[in-house]
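One structure below.
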Amino acid sequence: MFLAGIMQGSHVAALVHDQHYRDRLGDAVRRRWPEAEVYDPFAGHATSVGYRIERAREVFEGHVAMCRAYDLVIAYVPEASMGTAIEVWEAHRHGRAVITITPLVHNWVVLLTSLAIYPDQQAFEEALAAGEVDRLLTRHAAAGRA
1473 MFLAGIMQGS HVAALVHDQH YRDRLGDAVR RRWPEAEVYD PFAGHATSVG YRIERAREVF
1533 EGHVAMCRAY DLVIAYVPEA SMGTAIEVWE AHRHGRAVIT ITPLVHNWVV LLTSLAIYPD
1593 QQAFEEALAA GEVDRLLTRH AAAGRA
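Just so you know, the sequence shown maps onto residues 1473 to 1618 in this note's numbering.
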């Protein structure tokens, strides 16, 4: 599972949004699926806003390629995120399941790429614990999309 989500968002300066959501979502996934491989792109790149352009390109293109390969991309998008949009688009185009946690329920990228949309982390965690996400993924796989 690839944990996509807002990093820089709309910051004009070289700043990063609070990334604590990554631990919370990763922990929720591991509780439900203890054997799951959870890849957090921020974990190995906490200083990425300072990367030179060559390194930034290498890391970003690598992450986008991972989104094409992982069975599931969970995207946390509390506000628009250009990088996350590209990641979920590529995952979707390659038949991967995308679950989005966002209040942006009318955003076309969200609507067109998401297997499910949850308005906040709590709603996602409740759906995950209740088995709703398992059922969605089973239907997705049965439809031959993963």
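From the three backbone atoms N, C-alpha and C, an ideal C-beta is built for every residue, glycine too.
Query                                                                                                                                                                  : Result
I'd like to check one pair, VAL1531 with VAL1570: are the Cβ atoms closer than 9 angstroms?                                                                            : no
Go through its chain and collect everything with a Cβ distance to VAL1605's Cβ below 6 angstroms, but skip five positions before and after it.                         : ALA1599
For a test of the three-state rule: what should DSSP assign to VAL1549, helix, strand or coil?                                                                         : coil
Rank GLN1594, ASN1579, GLY1567 and ASP1592 by C-alpha distance to the C-alpha of MET1554 and give the top, closest one.                                                : ASN1579
Comparing alpha-carbon positions, which option in VAL1536, ALA1588 and LEU1576 lies nearest HIS1566?                                                                   : VAL1536
With H, G and I counted as helix, E and B as strand and the rest as coil, what does DSSP make of LEU1587?                                                              : coil
For THR1572, write down the residues that DSSP places opposite it in a beta bridge.                                                                                    : ALA1547 and ILE1589
How would you call ILE1525, buried or exposed, if buried means at least 16 neighbouring beta carbons within 10 angstroms?                                              : exposed
Are LEU1475 and VAL1510 close, meaning C-beta to C-beta below 9 angstroms?                                                                                             : yes
Classify GLY1477 as helix, strand or coil using the three-state DSSP reduction.                                                                                        : strand
By Cβ distance, which residues of its chain are closer than 6 angstroms to ALA1601, with the 5 residues on each side in sequence left out?                             : none
Using a Cβ-Cβ cut-off of 6 angstroms (strictly less than) and excluding sequence neighbours within five positions of HIS1483, which residues of its own chain qualify? : Because HIS1483 carries a pLDDT of 49, less than 50, the predicted location of this residue cannot be relied on, and no value is offered for it.
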